[in-house]
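Please read the structure below before turning to the comments.
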Amino acid sequence: MNFELIKTILFFISGGFLIFLAITLTRDNFSHRLNRITGAMLAFAGIGPIFMALGSVISQSNSSIINFEDSLTYNLVYLWEFFFPCLLVFSWIYPIDRFRQFKHHRLIYLVFIPTIIHFLLMLSFDQIASFLSAFEINTGKESISSLILVPLAKVFSWILLIIGYIHIYHLQIFGALNLLYVFLAVFFLESGRKKISNPRLLSQTKAVLWGTRIGLGLFVISQLGSNVLPYQLPEPVSNFLLMLAMLSGAGIFIFATIRYQFLDVRLVFRQSFIYTITSGILVGLYIFLVIQSKEFLTPVFGEQAKMISYAFIIFILLLFQPINNWIDNFIRSMFIRTKTDHRNILERFSRQVISQFDPKQLRQTIDETLKTSLLVERVYFVLYDDEVSEYAILQGKDISKRVVIKRDDLMLRGINLLDKPTDYSSLTVYKENSILADYLNDKKIKLIVPMKDANHLLGFLALTVKLTGSRYSSDDLNLLGVLSNQMVTALTNARLYVESLERIRLQEEVSMARQIQIELLPSSPPILNCSEIFVHSTPSRTIGGDFYDFIELPDNRIGFLIADASGKGMPAALMIALIQAIVRSELNNGNSIPTMLRNVNEQIVESTSSEKYVTLFYGEINTKTGELNYANAGHNYPILVRSNGNMELLKEGGAIIGALPQMEYKSESIILNSDDLLFLFTDGLSEAMNKDEVEYSEERIRNYIYKNRKMSPCDLVESILKDVREHDPSDPPQDDTTIISLKMRSIIKNEQ
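In the numbering used here, the protein residues as written are 1 to 752.
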């Protein structure tokens, strides 16, 4: 097998690869301008080596035409020079589309005019020369017609001279022009690469740029340099460099298509493309070995070479299927490990989002996945906002603040009807008077990806065009459909996680507040010579709105306080803490009970809303005399049962604390005697309700206290609580419950 045959085969293979790649890229997305330009560029690049291979075959044929280089078939090889203007146009639209900057972008195709002129000149030079020569005029005769035609003939003769000069030096002239196209294309490709930041597009561009550099560099050295410069490379060296240029250029483009999904070629086309190439190589290698087996084996086995060749062929047949399977597995693994394979995208996305519970980080992962895998230019998130109970366009790089969209927005209602990724242009009927539609139009949205669970629209993604300018393929839509389901799950998990964190945080705050409240409450009632005191307090939640306190005062006095703030939980507890601080401050200032309550009321009115109020009972006992000074600010009436069985309700005082400003309060003074029983409680005790919605009631409390007045304060409290639990077994109780039970001892005995 001589060098010419190898060269011819390699030219056919490289040209065939380029044309097949051109067909694959164009067929995948013919409507996309970049695919058409790239397909044309690769097709014209493939025509060159194929015509060279055909020329080599024809020139070596015994029946070849003597003047083959002047034939029409030979001159068709100049079709391949359309590769250079196609390359220049390709560099203007990849990796960034510069056509968008030109109002009359079709003028850019004027770069094809010199190549068209060259092709027509080489194809029809003889016809053009004959046509122009027909205008030669015999200047020996003078006539009116000669006066007109002679100048015209001179013009045509000059045109013929110029065309002839161009024809003679066409390789140098158009070679220099093609060289200029190459340098400009590399410049534009390099400048475009510097303007992109998307990792996948950057990898594509680097691969394409390196392939272009290597292929065009070798070609310039092998062909253009020899045509433009006076130095002529030896033909074997020139042919070798040319083959290397074709194979390297084709190989890099094939690699970029398979590995980095160049031009967004779909997976099925990439797989069929690589299967075709590998199958062709394998079959070609098999045929070559079969044909050449006898020639290889004869020098070794002599006359037995024929039989050995049959055995060799059978052996190759047996290896064909295992090798084909190995190639199949290799190709599959090559696709699976690429970041552009949809299965790999789904696997990576699932691994990433399964452990992400921060909504902001999750949105960033979704954004990066779509931009890297699908080359989406921009991604906008529209999600349901629990804070405002409306949908909102979330803040982003080009969105200064969150935009709230009302649920009755027509476009939002239209998107709510979608169940799969949908082209935004198909939602035109929902654009009328829609704020959301105006926003999406302004952002030039192309695709809507709804995110819905079984019952609700959690939100949607609004996607702009791809960085490559290509449309969203059916593969892309299927991938986005699967990703949207995973996004729904991930966003739901993230929301639940945030809610759980919020609950944990609130529980920690409540626990801390409860601890503070416990520390604010007296650890135990004071031990007095004049009386026995027992206290019970049960909050309906971790933090209660009930409060009690004992305050040691001058002149043998003990102050005690019971209060009930409106509401429950943290707000009520904060109110109670504020009340305690103000009361203690007022008492430390030596103010009387009416003055103290008036000042407390004014401060609460100023610092809280009218919906926040407190019922309060405050009293002071003189431990020496048994005198009780008290005031009731809207609280449940404390029950006083005298030792002789008479019952009194302590009502004197004024309005509840915090409801109205400038309220005045009164106090009253009574004497407590031995065995008198004072019972104070909050409405959690009286309003305990059974399943029939019947309250325990204050009347029942008074009757129970009267019947059991002989009990000790501790036994009385435990007994009535047991009775209340039988009436209302709720646990925890429906409302905070606080009880102070006080029973007087013999003061005379204590004084003695």
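For every residue, glycine included, the Cβ atom is placed at its ideal position computed from N, Cα and C. The model shown is predicted, which means the values in this text are computed figures rather than measured ones.
Give the DSSP bridge partners of residue i, in chain order.
i: LYS743; result: GLU532, LEU677
i: GLY251; result: GLY251 is not bridged to any residue.
i: ASP358; result: DSSP lists no partner for ASP358.
i: PHE460; result: VAL382, PRO450
i: MET575; result: According to DSSP, which records beta bridges pairwise, MET575 is partnered with nothing at all.
i: MET755; result: There is simply no residue 755 to check, as the chain begins at 1 and stops at 752 in what is shown.
i: PHE550; result: PHE560
i: TYR630; result: GLY619, GLU668
i: LEU640; result: GLU648, LEU678
i: THR369; result: DSSP output for THR369 lists no bridge partner at all.
Tell me whether residue i sits in a helix, a strand or coil according to DSSP, three-state version.
i: GLU751; result: Caution applies to GLU751, whose pLDDT of 42 falls short of 50 and renders its modelled position unreliable; the value that the coordinates give is listed next. Looking at GLU751 - three-state DSSP - the assignment turns out to be helix.
i: LYS406; result: coil
i: GLY284; result: helix
i: VAL605; result: helix
i: ASP442; result: helix
i: ALA185; result: helix
i: ARG471; result: coil
i: GLU668; result: strand
i: ASP736; result: coil
i: ASP28; result: helix
i: LYS466; result: strand
i: TYR391; result: strand
i: SER484; result: helix
i: THR538; result: strand
i: GLY658; result: coil
i: ILE6; result: helix
i: PHE20; result: helix
i: GLY567; result: coil
i: ILE399; result: strand
i: THR625; result: coil
i: GLY211; result: helix
i: GLY15; result: helix
i: GLY590; result: coil
i: ASP731; result: coil
i: GLY46; result: helix
Could you round the C-beta distance between residue i and residue j to whole angstroms and report it? I think they count as a contact, below 8 Å.
i: VAL614; j: ILE621; result: That pair is no contact at about 22 Å.
i: GLY788; j: TYR630; result: The structure shown does not extend to residue 788, since the chain is modelled only from 1 through 752, so no value can be given for it.
i: THR464; j: ILE445; result: 6 Å
i: THR365; j: TYR548; result: Actually they do not touch by this definition, with Cβ atoms about 53 Å apart.
i: LEU458; j: LEU436; result: No, LEU458 and LEU436 are not in contact; Cβ-Cβ is about 16 Å, not under 8 Å.
i: GLY545; j: LEU553; result: Not quite, the Cβ-Cβ distance comes to about 26 Å (not below 8 Å), so this is no contact.
i: LEU678; j: PRO729; result: In fact, because the Cβ distance is near 28 Å, the residues do not count as touching under 8 Å.
i: THR205; j: VAL186; result: The pair is not a contact, with the Cβ atoms about 12 Å apart (cut-off 8 Å).
i: ILE323; j: LEU282; result: 7 Å
i: TYR78; j: PHE119; result: 5 Å
i: PHE83; j: ALA45; result: 5 Å
i: SER222; j: SER238; result: 5 Å
i: LEU680; j: ILE562; result: 5 Å
i: LEU418; j: ILE448; result: 7 Å
i: ALA573; j: LEU597; result: With a Cβ gap of about 21 Å, ALA573 and LEU597 do not count as contacting.
Buried or exposed: residue i, going by 16 or more other Cβ atoms within 10 Å of its Cβ?
i: HIS32; result: buried
i: ASP735; result: buried
i: ALA311; result: exposed
i: MET52; result: buried
i: ILE462; result: According to the sequence provided, residue 462 is Ala. The question's Ile does not apply to it. So ALA462 ends up on the buried side.
i: MET744; result: buried
i: ASN556; result: exposed
i: ILE66; result: At ILE66 the pLDDT is 49, less than 50, meaning the model places this residue with poor confidence; the figure from the coordinates comes in the next sentence. Answer is exposed; the Cβ neighbour count stays below 16.
i: ALA581; result: exposed
i: GLU586; result: buried
i: LYS612; result: buried
i: GLY414; result: buried
i: ASN35; result: buried
i: HIS456; result: exposed
i: LYS7; result: buried
i: ILE671; result: exposed
When every heavy atom of the ligand NAD is checked, does at least one fall within less than 8 Å of the C-beta of residue i?
i: GLY634; result: No copy of the ligand NAD occurs in the structure displayed, which carries no ligand at all.
Any C-beta of chain C sitting closer than 9 Å to the C-beta of residue i?
i: LEU10; result: The structure shown contains no chain C; it holds only a single protein chain.
Query raised in the report: Quick one: any contact between the stretch 382-396 and the stretch 510-518, if contact means 3 or more CB pairs under 8 Å?
Result: no
Query raised in the report: Touch check for the stretch 703-721 and the stretch 658-667: three-plus C-beta pairs under 8 Å?
Result: The stretch 703-721 is not in contact with the stretch 658-667.
Report task. Assess, as a yes-or-no matter, whether the stretch 484-492 is touched by the stretch 345-362 under the definition of 3 or more beta carbon pairs within less than 8 Å. Result -> yes
Query raised in the report: Would you say the stretch 168-187 touches the stretch 80-99, given that touching needs at least three Cβ pairs under 8 Å?
Result: yes
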